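*Asks:* Line order of the protein sequences matches chains R and V. Heads up: the first sequence begins at 71 in our numbering, then just goes up one per residue. Heads up: the second sequence begins at 1306 in our numbering, then just goes up one per residue.
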Amino acid sequence: MSYLALTDADRESMLEEIGVGSIEELFADLPAGIRFDRPLDLPPALTEQELNAYFEALADRNEHNGAHVSFLGAGLYDHYVPAIVDAVLQRGEFLTAYTPYQPELSQGVLQSIFEYQTAICELTGMDVSNASGYDGTTVAADACYIAKHATGRSKVVVTEATNPQVRQVVKTYAPGFGLEVVEVPQRHGATDPDEVRAAAEGAACVIFQHPNFFGVLEPAPDLAAAAGDAEALPVAHVDPLSLGVLEAPGNYGCAIAIGEGQSAGNHISYGGPHYGFLAARSEFIRRMPGRIVGETTDAAGNRGYVLTLQTREQHIRREKATSNITTNQTLLALGGLVYLSWLGPRGVRELAETCMALADYAKGRIVTAGLELPFADRTTFKEFAVRVGRNARKVVKDAVDQGIHPGYALGRDYPGMDDVLLVAVTERRTKDDIDRLAEVLAP
Amino acid sequence: MKLIFEKSRPGRRAGRPPATDLPIPEVPAELRRSEPPRLPEIAEPDLLRHFTELSTRNFGIDTGFYPLGSCTMKHNPRVNERLAALPGFRDLHPLEDENRAQGALRICVELQDALAEITGLEAVSLQPAAGSQGELTGLLLMHAYFAERGEDQQRRKIVIPDTAHGTNPASVTMAGYELVDVQTDPRGNIDVDDLRAKVDETTAGLMLTNPSTLGLFDENIEEISRIFHDAGALMYYDGANLNAVCGISRPGDMGFEIVHINLHKTFSQPHGGGGPGGGPIAVSKRLEPFLPVPAIVRDGDAFRLDYDRPKSIGKVRGFLGPFGVFVRSYAFIRAYGPALREMSEVAVLNANYLLALLRDDYKLPFDRLCMHEFVVSARRLRREHGVTALDVAKRLMDYGFHPPTVYFPLIVPEALMIEPTETEAKETLDAFAEAMREIAREAVEEPELLKAAPHDTVVGRLDEVKAAKRAVVRYQFEDHPDLSAEPAAAGIEAPKGA
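(1) Closer than 7 Å, Cβ to any Cβ of chain R: which residues of the segment 1718-1745 of chain V, in chain order?
(2) Skipping 5 residues on each side, what residues in its chain have a beta carbon closer than 7 Å to that of A220 (chain R)?
(3) I want to see whether chain R comes within less than 9 Å of D1402 (chain V), judged by CB atoms only; does it?
(4) Within a Cβ cutoff of 7 Å, which residues of the same chain sit near I1412 (chain V), ignoring the five residues on either side of it in sequence?
(5) So does the segment 255-265 of chain R actually touch the segment 198-217 of chain R, counting three or more Cβ pairs closer than 8 Å?
(6) Taking C-alpha atoms, which residue in V:A1794, V:A1757 and V:A1652 lies nearest to G1374 (chain V)?
(7) State the beta-bridge partners of M1648 (chain V) as determined by DSSP.
(8) Just curious, the beta strand (DSSP E) that A1510 (chain V) is in, first and last residue?
(9) What are the residues of the segment 321-334 of chain R that lie near chain V, defined by any Cβ-Cβ distance shorter than 7 Å?
(10) Report the option in R:N398, R:V408 and R:P343 whose CA atom is closest to the CA atom of V151 (chain R).
(11) Count the other C-beta atoms from every protein chain shown that fall within 10 angstroms of the C-beta of I1463 (chain V), then say buried if there are 16 or more, exposed otherwise.
(12) Between the segment 414-437 of chain R and chain V, which residues of the former have CB atoms less than 7 Å from a CB of the latter, in chain order?
(13) Kindly indicate which three-state DSSP category A1803 (chain V) falls into: helix, strand or coil?
(14) Near P1315 (chain V), what residues of its chain come up, given a Cβ to Cβ distance below 8 Å and the 5 sequence neighbours on each side ignored?
(15) Which word fits P1433 (chain V), buried or exposed, when buried means at least 16 other C-beta atoms lie within 10 angstroms of its C-beta?
(16) Taking contact to mean at least 3 C-beta pairs separated by less than 8 Å, is the segment 1559-1569 of chain V in contact with the segment 1434-1453 of chain V?
(17) In terms of residues, what are the limits of the beta strand (DSSP E) holding V308 (chain R)?
(18) Would you mind listing the beta strand (DSSP E) stretches within the segment 337-425 of chain R that are 3+ residues and don't spill past its ends, in chain order?
(19) Could you say if the segment 420-440 of chain R and the segment 497-504 of chain R meet the contact criterion of at least three C-beta pairs nearer than 8 Å?
(20) Using a C-beta to C-beta distance shorter than 7 Å, which residues of chain R count as neighbours of S1589 (chain V)?
(21) Within the continuous beta strand (DSSP E) that includes A1587 (chain V), where are the two ends?
(22) What is the DSSP secondary structure of I216 (chain R), counted as helix, strand or coil?
(23) Please classify N461 (chain R) as buried or exposed, where buried requires at least 16 neighbouring CB atoms within 10 angstroms.
(24) Among V:L1715, V:P1556, V:S1530 and V:E1750, which residue has its Cα nearest to the Cα of I386 (chain R)?
(25) Excluding the five sequence neighbours on either side, which residues of its own chain have a C-beta within less than 8 Å of the C-beta of F445 (chain R), listed in chain order?
(26) Classify L180 (chain R) as helix, strand or coil using the three-state DSSP reduction.
(27) Taking Cβ-Cβ distances shorter than 9 Å, what residues in chain R pair up with H1690 (chain V)?
(28) Taking three-plus beta-carbon pairs below 8 Å as touching, is the segment 468-488 of chain R in contact with the segment 425-443 of chain R?
(29) Let me confirm a value: E1358 (chain V) is counted as buried when at least 16 other C-beta atoms fall within 10 Å, else exposed. Which label applies?
(30) Looking at the secondary structure, which residues open and close the alpha helix (DSSP H) in which Y1482 (chain V) lies?
(31) Counting Cβ pairs, one atom from each stretch, are 3 or more of them under 8 Å apart for the segment 1694-1706 of chain V and the segment 1328-1346 of chain V?
(32) For the alpha helix (DSSP H) that contains R457 (chain R), what are its first and last residues?
(33) Using only CA atoms, which one of V:A1421, V:A1772, V:R1501 and V:S1789 lies nearest to V363 (chain R)?
(34) Can you have a look at E1311 (chain V) and say buried or exposed, based on whether 16 or more other CB atoms are within 10 angstroms of its CB?
(35) Please name the residues in the segment 1608-1627 of chain V whose beta-carbon is closer than 7 Å to at least one beta-carbon of chain R, in chain order.
(36) Is the Cβ of Y1641 (chain V) closer than 9 Å to any Cβ of chain R?
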């Protein structure tokens, strides 16, 4: 199958118009030594029906949420995605448009990004948001780059209780940015503000996740204040849905708020694509990476939207740009906007409360079943750690055989936690699911 | 049109999450939200109407011809959307046990194999989220490679031609390298003499798009490759223009050892108004140990993730990369099979045909056959009639077409960069050429008509200077300013490049 439109007669008359005798002649500029002289070694072409069959068979080999009960989270969460999100994202005018370089033909995308920026600012308590970053990891590297240039400092501090993948990506980017990365250890599942204060001395920023990777609510205002004491920029990495019940980072002194948007409106999709969000106080607007949409007017005074402050960007500033980002995650961010609009302010709070209540119920059931919570005295959001009393990876394997995925084994990321499991509970889990989890985990 | 926030009314709502009869735990007072976020409060019918109306104020490939140069705006097959939305893919968690994700891992490995074959290289990482992240990843690979050889302190320079996408120099800075610009010769190739003078033992590598952003294949690519290999430097291929050469010439055979592939260009991932994309990189055997973790590998008849890569640069993105993009792109590749060569041939045929139709009315800065795209200049229209490339672009909207890329590449004044792609019918190309010729006539007879264009769009030409000066980047509720009351700002025009 191909998606070509030319008939043989078309090809002939087009070659004639060009003034060449064959398609090969169009490639006359290619030196003989670098021409590819055999057919591509790819499987034979498939019809649409054959494509369907091939991919459906592969999809059937995956044990997805819904086919079994899963308490996996660790950064991506099984929240319900309403039908209206998919319906809007499949509108061809959104789906098949490029980056809105020509605003008169792109008001739909531009206005929706402006609305997305507003929604993210409202959630995070910030003044300005970009049009999205790649995901919840790369926006952390972006925040470091902003902080380095805003402060002239070349050390960044990340808490150990921040998602390991976020820390790994920051470390990958750091040598190119000329940054040194320092980690502040977790203490009993949370971060000590005094240790942050000491580490932040001479640092460009302090990145902390809240709720952190263990689901624990950090002393976030104290962490931000500790960073601020050292004149390092406080950067909060937040779950957007947690902001239905937790204070907005802009209201406790953070300079930048970042996060993974997946839990607000994107399917898990085996890890992507999703959107990362990055919002900041207005003083950092000219250091922000990526697209930003601004309001303006046409000559008749009609309101309209354009990509703005483009002198930050690679296509204008080239090597002096604030980032190399071009293509971002606009369609997924649009999904986020539709989702947040669908929930509204009350829905976001109610959803956060439901997740918290179910997670709390799960903690109770698991303790009753005879297991221990390693951070029992900490308040958590929708995820929490459980000590399973034996190798957690083995526990996962056994539970999966019984049709339930009990969570993420923390041993790979945290030495000494080989017997600890990270359990995520969303609104899609029922009390019955949780009762089964407790049964399966019981020693 | 109103913003969704302006349609909000207290007490309305659309979605309702499941309620719970369980007690709701207390959030400690110092962490508790003080004011609810002012998200829209709107009923579902009006929510859907809002976004439907917004979509009608937007132009996509589904709407019409979209010859945006270097962006490869080809048809997006809908079967790929259906496949990516299969629950076995859409609802699969990336931390799921590998044995229970074999179908997904198989797609990743088969896509890696296909990309290795198409690029002529040995190993592939699917992780980078977009082309520009592929670039950064490639440069970090160079760092790691030279560090292992003890040459990292010495090799600090990356050579880039003046026709390059802006992402190339921006990536060089982000990777901590120094930029060395090399010029273009009168035939539109890299100036080899200039290049020779700038490549030495301090050079880490080259970043090159071939065919270039001029739509020209570099005739001296073998000589360029010799210069870099003799200097012990590496060559990076910006795959933005790979659509021209699939099955015809492979970057690996040209001497490149790192290639990024824009899945949202050549392999038809819908661009979504600005993403998602996908920017896998393919590399030679000697660079494979440095690729991001985890590697996705074959293990007999099964597939698994391999984290045991001690020389890896680390992770550049969460999990394995944008998997949904892999499904769509791999389905696209499987639809064509070896006939991907025909795809590229027709892309080049369509571009040359359109060029032949336009060459009498627009100036061609380099008089050669083109590859999958070409650049013409509106310089004569500007000199003789005061009509700019931007005016031509805006007027095209009135004819129902999306404009080409304008003012890029930077070395061509009043540039219009046109890429029709292989999926357009001859009639569409004929109609577009007719509109371009008509506009050239209007430039002579009614230049004011062009300067005031577009006339038939939902808004007129927008004041970008005012937008940048006022920087209103979010709705401000009761404090929202009325910009229509403020005078226009004098305009400068920014490139609208890819």
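Glycine is no exception: its CB is placed at the ideal position from the N, C-alpha and C atoms. None of the values given here were measured: they were computed from a predicted structure.
*Replies:* Looking at the coordinates:
(1) E1727, T1728, E1729, A1730 and K1731
(2) L303, F354 and R357
(3) yes
(4) F1631, V1632 and Y1635
(5) no
(6) V:A1652
(7) DSSP, once it has assigned bridges, lists no residue as partnering M1648 (chain V).
(8) Note on residue identity: the sequence assigns Gly, not Ala, to residue 1510 (chain V). Its beta strand (DSSP E) spans residues T1508 to L1513.
(9) N321
(10) R:V408
(11) buried
(12) G414, P415, R416, G417, V418, R419, E420, L421, E423, T424, M426, A427, L428, D430 and Y431
(13) Here A1803 (chain V) scores only 38 on pLDDT, less than 50, and its place in the model is too uncertain to base an answer on.
(14) E1346
(15) buried
(16) yes
(17) Per DSSP, V308 (chain R) belongs to no beta strand (DSSP E) and is neither H nor E.
(18) 346-350, 363-367 and 373-377
(19) yes
(20) Correct list: empty, because the minimum Cβ distance to chain R is about 16 Å.
(21) I1586 to V1588
(22) helix
(23) exposed
(24) V:L1715
(25) H258, G259, A260, F284, V286, F454 and A455
(26) helix
(27) The contacting residues do not exist; H1690 (chain V) stays about 21 Å from chain R at best.
(28) no
(29) exposed
(30) Note, Y1482 (chain V): premise wrong, no alpha helix (DSSP H); not H, not E.
(31) no
(32) No alpha helix (DSSP H) contains R457 (chain R), which is instead part of the beta strand (DSSP E) from E453 to R457.
(33) V:A1772
(34) exposed
(35) I1618, G1619, K1620, V1621, R1622, G1623, F1624, L1625, G1626 and P1627
(36) yes
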